[in-house]
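Here the structure comes first, spelled out in structure tokens, and everything after it is commentary.
Number of protein chains: 2
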Amino acid sequence: MPELRKDPIVGRWVIVATERAARPSDFKLKHESPTESGTCPFDRGREAMTPPEVFAIRPGGTLPNTPGWLTRVVPNRFPALRVEGELKRQGEGIYDRMDGIGAHEVIIETPEHARDLTDLDQADFRNLIRAMTERVNDLARDVRLKYVLVFKNHGRTAGASLRHSHCQLIATPIVPQQVKEEIAGGRRYWDFRERCIFCDMLSQELESGKRVITENEHFVAIAPFASRFAFESWILPRRHFGTFAEMRDNEAAGLADSLRDVLRRMTRLLENPDYNFMVHTAPLSGAAMDYYHFHIEVIPRETTVAGFEWGSGFFINSVPPENAAKYLREVE
Amino acid sequence: MPELRKDPIVGRWVIVATERAARPSDFKLKHESPTESGTCPFDRGREAMTPPEVFAIRPGGTLPNTPGWLTRVVPNRFPALRVEGELKRQGEGIYDRMDGIGAHEVIIETPEHARDLTDLDQADFRNLIRAMTERVNDLARDVRLKYVLVFKNHGRTAGASLRHSHCQLIATPIVPQQVKEEIAGGRRYWDFRERCIFCDMLSQELESGKRVITENEHFVAIAPFASRFAFESWILPRRHFGTFAEMRDNEAAGLADSLRDVLRRMTRLLENPDYNFMVHTAPLSGAAMDYYHFHIEVIPRETTVAGFEWGSGFFINSVPPENAAKYLREVE
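Protein sequences, first through last, are from chains A and B.
In terms of this note's numbering, the first sequence opens at residue 112 and continues consecutively.
In terms of this note's numbering, the second sequence opens at residue 112 and continues consecutively.
Spelled out as structure tokens, the structure:
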């Protein structure tokens, strides 16, 4: 069972692997490329190589764990957290720990091994957003779980270890520190102005236009004012809502289109950079929040996070967001 | 003039380069190795290639900016922040910005181009700590500056861009978010128990011994209970103090010895990994703090920080700190 441990000073949680703990020599493999083998467990026809699927989009009504799917969600074979068990919160002197309860799933974006996410078409993106939504809403029923983070690692420096294009989700038994900080920030602003800070940000950005990358009926993509990373992009809904569960069908389609648009612009402009995206959604258990606004953050991994950033929480960004937005807007 | 911008939601500051703003094509160079050219500005005899030195250890009493130095501090030629000017705090709608005032210096650890920090001897490490101390104490006199972060990037994945071994320091006109969070955490614990949380942690670690890596008369190195990174190590003074200014001479020697010991163990065990270290010292302007404890954090960069970490602030560590400490203790 993996273990959750809390830093006693800043309250940051860490998942410590205990079963498959690495040895020093395990890190020597770090420079190997992600596997390209013909035995990829995410390929069409190799469904038996993954744990049984928990969700799939099968327009032909084919049987689970057989070909015929377009988007497929399976538990991670080497999960960071485990579904079975109780939290067993306990102390060790001044420290706090609990069992690593949670869920870790893989959203396979396509049955075709060699296609990148940015090669996929509009319908595939809409399937991807639907798969995210279904899984998050399903996991919300587990009262032990407080949060689900959906994210993507594309490329080796962004943390991808399998070439076949996929997203992941990790559900945690506590609300992550970073989400808490965003909520606290949104709440401080709400207490002061009784408005959502994200809504205010969006209306200011739409008025000036200088940091807007692309927009459609339901979503707007901007280069945020205080971007940590060069060409960082945030995708926000025009209507205020906080969770997947509150997103309407036409908004889900708008999100899919906007995400595809942003990733394709970025991939074209920066020539297939490594990147991450993270879906920022409100905690599972809460009611609708006036002060938290659903969004996706996309970060190209073109620069190295070094000692200054790790020590301070400051970031150094060599591309002003106004320039980044202009470059990304002008991509054909 | 670079610009400091504040994220309106979480309060994180970002330094945005404006003068030498990068273009998308600038990132194509990222896979090139750090320069190994014979024209290294940090080499003995090339002192004229750097801005004039602000501090140097010259046992023979040689003139500034000539050979004869052992450790030398110069302003960074391409500083992230600039010394001249005023902060000029201003708003832009809901956003906050100010001019990028601060200092950015390079501590050249040795005049010899090809020696790594871990190749240097005890006296060199003591000179390094002395250079850090002198510079931080000197910058503390500038009332515009609130914090100095001293850090090291070793190896390309840790952000090093020049091969010649060096540390850096960046002085900022605001206390970084991460330092504020540590101080707030220390203060919460103090309010509750009227003891320093770092002191309590240290005494618990010394009693159990299982996460202790190495210790000397004045400093103890541990693998912290909630290590974010595999083989992360913290070096803490036994006596409570918060800043360079409060450190006694024999403690400075103990810190140098402990840092050298930890880095050499890590370098041996992991076969010259890329790494960062960050000196965690209290803000410049404060009086002595009962609840903040000076320390150095060392993080090997063996694993990739991916979407889960960026989205949640959680970390996944595949080496339990008890194992890491044991491996590091056993290095000969």
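Every residue gets a Cβ at the ideal spot worked out from N, C-alpha and C, and that includes glycine.
As the structure is a prediction and not an experimental result, all values here were calculated from the model.
Reduced DSSP secondary structure (H/G/I, E/B, other) of residue i
i: Glu-195 of chain A; result: coil
i: Val-247 of chain A; result: helix
i: Met-377 of chain A; result: helix
i: Trp-180 of chain A; result: coil
i: Arg-346 of chain A; result: For the record, residue 346 of chain A in the displayed sequence is Ile; it is not Arg. Reduced to three states, the DSSP call for Ile-346 of chain A is strand.
i: Glu-114 of chain B; result: strand
i: Met-400 of chain A; result: coil
i: Thr-354 of chain B; result: coil
i: Ile-285 of chain B; result: coil
i: Pro-432 of chain B; result: helix
i: Ala-291 of chain A; result: The sequence given here has Lys at residue 291 of chain A, not Ala. Reduced to three states, the DSSP call for Lys-291 of chain A is helix.
i: Ala-128 of chain B; result: coil
i: Cys-310 of chain A; result: helix
i: Lys-437 of chain A; result: helix
i: Asn-387 of chain B; result: strand
Selected residue, minimal CA-CA separation from residue i, among the options
i: Phe-425 of chain A; options: A:Arg-226, A:Glu-433, A:Val-416 and A:Lys-117; result: A:Val-416
i: Ser-275 of chain A; options: A:Phe-303, A:Leu-231, A:Arg-371 and A:Thr-173; result: Per the sequence presented here, residue 275 of chain A reads as His, with Ser not at that position. Out of A:Phe-303, A:Leu-231, A:Arg-371 and A:Thr-173, A:Leu-231 has the C-alpha closest to the C-alpha of His-275 of chain A.
i: Arg-267 of chain B; options: B:Tyr-386, B:Ala-435 and B:Ala-133; result: B:Tyr-386
i: Arg-188 of chain A; options: A:Pro-163, A:Gly-422 and A:Leu-380; result: A:Pro-163
i: Asp-137 of chain A; options: B:Phe-342, B:Arg-350 and B:Ser-396; result: B:Phe-342
i: Leu-347 of chain B; options: B:Gln-288, B:Met-112, B:Lys-291 and B:Ser-314; result: B:Ser-314
i: Trp-345 of chain A; options: A:Phe-355, A:Val-331 and A:Gly-353; result: A:Val-331
i: Gly-365 of chain B; options: B:Arg-134, B:Ala-234 and B:Pro-119; result: B:Ala-234
i: Glu-441 of chain A; options: A:Ile-427, A:Glu-413, A:Arg-375 and A:Arg-412; result: A:Arg-375
i: Glu-220 of chain B; options: B:Met-243, B:Asn-248, B:Ile-205 and B:Ile-212; result: B:Met-243
i: Arg-412 of chain B; options: B:Arg-116, B:Phe-303, B:Leu-174 and B:Asn-383; result: B:Asn-383
i: Thr-392 of chain B; options: B:His-406, B:Leu-381 and B:Tyr-402; result: B:His-406
Residue i classed as buried or exposed, judged by whether at least 16 other C-beta atoms fall within 10 angstroms
i: Lys-263 of chain B; result: buried
i: Glu-328 of chain B; result: exposed
i: His-142 of chain B; result: Caution is warranted here: a pLDDT of 49 is assigned to His-142 of chain B, below 50, making its placement in the model unreliable, and the coordinate value is therefore given only provisionally. Exposed, since its Cβ has fewer than 16 Cβ neighbours within 10 Å.
i: Lys-199 of chain A; result: exposed
i: Ser-144 of chain A; result: Any reading at Ser-144 of chain A must be qualified, since the residue scores a pLDDT of 48, below 50, and its modelled position is unreliable; the value itself is stated next. Ser-144 of chain A should be labelled exposed.
i: Val-390 of chain B; result: buried
i: Glu-443 of chain B; result: exposed
i: Arg-359 of chain A; result: exposed
i: Gln-289 of chain B; result: buried
i: Val-409 of chain A; result: buried
i: Ala-435 of chain A; result: buried
i: Ser-272 of chain A; result: exposed
i: Asp-372 of chain B; result: buried
i: Glu-130 of chain A; result: exposed
i: Pro-170 of chain B; result: exposed
i: Thr-150 of chain A; result: exposed
8 Å Cβ cut-off: residues of chain B touching residue i
i: Ala-191 of chain A; result: Phe-419 and Ile-427
i: Met-209 of chain A; result: Here the premise fails: no neighbours, minimum Cβ distance about 12 Å.
Neighbour list for residue i in chain A, Cβ cutoff strictly below 9 Å
i: Ala-132 of chain B; result: Ser-429, Val-430, Pro-431 and Asn-434
i: Lys-257 of chain B; result: Correct list: empty, because the minimum Cβ distance to chain A is about 11 Å.
Integer Cβ distance of residue i from residue j, believed to fall under 8 Å
i: His-404 of chain B; j: Phe-309 of chain B; result: 3 Å
i: Val-121 of chain B; j: Gly-122 of chain A; result: Actually they do not touch by this definition, with Cβ atoms about 15 Å apart.
i: His-215 of chain A; j: Ile-281 of chain A; result: 5 Å
i: Ile-294 of chain A; j: Leu-192 of chain A; result: That belief does not hold up - the Cβ atoms of Ile-294 of chain A and Leu-192 of chain A are roughly 22 Å apart, past 8 Å.
i: Ala-239 of chain B; j: Ala-367 of chain B; result: First, the residue type needs correcting, since residue 239 of chain B is Leu and not Ala in the sequence shown. 7 Å between Cβ atoms; contact.
i: Glu-245 of chain A; j: Phe-166 of chain A; result: 5 Å
i: Asn-428 of chain B; j: Ala-128 of chain A; result: 7 Å
i: Leu-260 of chain A; j: Pro-287 of chain A; result: 7 Å
i: His-351 of chain B; j: Cys-307 of chain B; result: 5 Å
i: Ala-334 of chain B; j: Arg-322 of chain B; result: 5 Å
Min CB distance residue i to chain C below 8 Å
i: Val-290 of chain A; result: Of the chains in the structure shown, none is chain C; the protein chains are A and B.
Contacts of residue i in chain B (Cβ-Cβ under 9 Å)
i: Trp-124 of chain A; result: Ala-337, Ser-423, Gly-424, Phe-425 and Phe-426
i: His-391 of chain A; result: Gly-422
i: Lys-437 of chain A; result: Residues of chain B passing the Cβ test: none, with the nearest at roughly 11 Å.
i: Phe-355 of chain A; result: Those within 9 Å of Phe-355 of chain A in chain B number zero; the least Cβ separation is about 15 Å.
Closer than 7 Å at the beta carbon, the chain B residues around residue i
i: Ile-120 of chain A; result: Glu-293, Gly-296, Gly-297 and Ile-308
i: Ala-334 of chain A; result: Correct list: empty, because the minimum Cβ distance to chain B is about 11 Å.
Proximity test, residue i beta-carbon vs the ligand ATP heavy atom, cut-off 7 Å
i: Ser-272 of chain B; result: With respect to the ligand ATP, the structure shown offers nothing to examine, as it has no ligands at all.
Interface residues of chain A facing residue i [CB-CB closer than 8 Å]
i: Leu-228 of chain B; result: Ordered by position in chain A, no residue passes the 8 Å Cβ test against Leu-228 of chain B, which lies about 13 Å from the chain.
Per-residue contacts from residue i into chain A (C-beta, under 7 Å)
i: Asp-311 of chain B; result: Ile-205
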